[in-house]
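Trainee:
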Ligand SMILES: *Cc1c(COP(=O)(O)O)cnc(C)c1O
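Written out as structure tokens, the structure reads:
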């Protein structure tokens with residue numbers, strides 16, 4: 172804290188990212204990265220971009236990437252906004268679309284960046300509790316609001332709503348933006364992107380960080396009708412004209428073009444998740460149904476915080492949140508089969 176800081180900054184509690192350890196031989200299951208590398212075509216595309224061209228600014232409009240993403244979803248480039256990770260896209264969306272007299276609604280247990288954006292931008296928020304089974308109860312969102320933000324699948328719970336479940340909310344909530352954060356959608360949930368032509372207030376946000384193994388490249392995007400996208404462009408062009416560098420643009424296009432790699436790696440994650448859920452259950456854990464590349468689990472007889480510390484001492488890192496309602500849960504990312512062996516083996520020893 173310093174007297175030189177703007178007053179609002181003194182009051183912020185910034186988001187705390189999961190640990191990125193410098194020690195390399197850890198089984199790292201704490202930040203939901205993809206355990207499989209990006210497509211070799213992504214690496215080749217980035218390497219091809221390395222050269223004298225780097226003295227030039229990148230395309231401020233990311234035309235080629237937006238066209239590639241649009242084609243993937245059957246939309247037009249005017250329906251696509253790209254940013255430096257979906258965190259940046261979400262931040263722009265909160266500022267551009269969520270700052271109204273009425274509060275934005277989001278669940279009590281969800282992505283912890285949402286309250287941070289509200290505090291940063293002075294947006295009123297109303298937190299809606301998940302039900303006793305840690306599920307989003309959509310009826311609770313039928314109330315006056317300045318916007319609705321749902322992660323689907325939700326994080327850190329992993330549970331998902333179907334498109335059919337979500338559509339009535341869109342049909343009844345037409346005067347404020349409904350933002351669906353689909354960071355994990357490719358691991359077993361349904362995207363709402365197909366509803367965009369019918370709902371002018373729907374904004375879908377996705378990322379290349381999880382299902383396309385590119386957390387290190389920082390590329391995210393929003394899909395919505397051009398009127399919503401234009402609002403995001405206004406914020407972006409008031410902030411940073413070039414959020415995506417040349418390497419990120421080239422790599423992201425290649426990532427969308429290699430569908431086989433995307434399909435095979437996500438299927439491997441889904442298969443390992445089924446095994447991890449089964450074996451955690453056999454060890455006595457209660458595991459919430461997951462449509463994501465992580466599971467959220469609690470053991471009725473063990474303190475989650477201590478279990479996380481014991482796992483860390485055994486060189487496996489998972490995420491624990493010291494937050495109301497979820498302090499007895501561990502969020503465990505789905506890694507490779509070998510990482511699952513390590514996790515389950517060490518948990519078996521600790522629980523014996
Ligand atoms: C990982 C994650 C994001 C952000 O991902 P980026 O790496 O910034 O694209 C957004 N929302 C949720 C719920 C996430 O878990």
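Residue numbers (the numbering used here): 172 to 523. Where is the CB? At the ideal position from N, CA and C, for every residue including glycine.
1) Got a sec: does ligand 1 put a non-hydrogen atom nearer than 7 Å to the Cβ of residue 381?
2) I'd like to confirm the pairing. Which residues does DSSP put opposite residue 468 in its beta bridges?
3) What did DSSP end up calling residue 244 once you bin it into helix, strand or coil?
4) Taking the beta strand (DSSP E) that residue 312 belongs to, which residues open and close that run?
5) Could you round the C-beta distance between residue 494 and residue 329 to whole angstroms and report it? I think they count as a contact, below 8 Å.
6) Candidates 228, 404, 523 and 478: which alpha carbon is nearest residue 259's?
7) Measuring alpha carbon to alpha carbon, tell me which of 519, 356 and 509 ends up nearest residue 196.
8) Per DSSP, which one or two residues make a beta bridge with residue 297?
9) Is it the case that the CB of residue 257 approaches a heavy atom of ligand 1 more closely than 7 Å?
10) Nearer than 7 Å: is that true of the beta carbon of residue 203 relative to any heavy atom of ligand 1?
11) Within the present structure, is the beta-carbon of residue 329 separated from the nearest heavy atom of ligand 1 by less than 7 Å?
12) Straight-line CA distance for residue 524 to residue 384?
13) Spatial neighbours of residue 262 within its chain, please: CB distance less than 7 Å, with the 5 preceding and 5 following residues excluded, ordered by chain position.
14) Between the C-alpha atoms of residue 434 and residue 449, what's the straight-line distance to the nearest angstrom?
15) Pick helix, strand or coil for residue 534, following the three-state DSSP scheme.
16) If distances are taken between C-alpha atoms only, which option among 214, 437 and 264 comes closest to residue 420?
17) DSSP on residue 238, reduced to helix/strand/coil?
18) Starting from residue 377, trace the beta strand (DSSP E) both ways and give me its first and last residue.
19) Do you know offhand how far residue 406's Cα is from residue 483's?
20) From 521, 471 and 275, pick the residue whose C-alpha is nearest to that of residue 499; which is it?
21) Which runs of the beta strand (DSSP E) fall wholly inside the region 332-390 and span at least 3 residues, in chain order?
Mentor: Taking the coordinates as given:
1) In the chain shown, residue 381 corresponds to position 210, counting from 1. True, at least one ligand heavy atom lies under 7 Å from that Cβ.
2) Along the chain shown, read from residue 1 onward, the residue named residue 468 stands at position 297. BP columns for residue 468 point to 458 and 501.
3) Locating residue 244 in the chain shown gives position 73, where the first residue counts as 1. Helix, per DSSP.
4) Working through the chain shown from its first residue, we reach residue 312 at position 141. Looking at the DSSP string, residue 312 is not in any beta strand (DSSP E), and its letter there is neither H nor E.
5) Against the chain shown, residue 494 aligns to sequence position 323. Against the chain shown, residue 329 aligns to sequence position 158. That belief does not hold up - the Cβ atoms of residue 494 and residue 329 are roughly 16 Å apart, past 8 Å.
6) Translated into the one-based positions of the chain shown, residue 259 becomes position 88. Closest option to residue 259, Cα to Cα, is 404.
7) Within the chain shown, numbered from 1, the residue matching residue 196 stands at position 25. Selected option, being the one with the closest Cα: 509.
8) Reading the chain shown from its first residue, position 126 is the one you call residue 297. Answer is 276.
9) Taking the first residue of the chain shown as position 1, residue 257 is located at position 86. For ligand 1, at least one heavy atom lies less than 7 Å from the Cβ of residue 257.
10) Mapped onto the chain shown, residue 203 falls at position 32. Checking every heavy atom of ligand 1 against the Cβ of residue 203, one is found closer than 7 Å.
11) In the chain shown, counting from the first residue as 1, residue 329 sits at position 158. No, the beta carbon of residue 329 sits no closer than 7 Å to any heavy atom of ligand 1.
12) The question about residue 524 has no answer, for the chain in this structure spans 172 to 523.
13) As a first step, residue 262 must be located in the chain shown, where it is residue number 91. Closer than 7 Å at the Cβ level, and outside the excluded window around residue 262, lie 288.
14) In the chain shown, the residue the question calls residue 434 occupies position 263. In the chain shown, the residue the question calls residue 449 occupies position 278. Those two C-alpha atoms are separated by around 23 Å.
15) Residue 534 lies beyond the range of the chain shown here (172 to 523); nothing can be said about it.
16) Reading the chain shown from its first residue, position 249 is the one you call residue 420. Minimum Cα distance to residue 420 is reached at 214.
17) Residue 238 sits at position 67 when you count from the first residue of the chain shown. Helix, per DSSP.
18) Position 206 of the chain shown, counted from the first residue, corresponds to residue 377. Taken as a continuous stretch (DSSP letters only), the beta strand (DSSP E) holding residue 377 covers 373-378.
19) As a position in the chain shown, residue 406 is number 235, starting the count at 1. As a position in the chain shown, residue 483 is number 312, starting the count at 1. Cα-Cα distance, rounded: 41 Å.
20) Within the chain shown, numbered from 1, the residue matching residue 499 stands at position 328. The option with the nearest alpha carbon to residue 499 is 471.
21) 349-352 and 373-378
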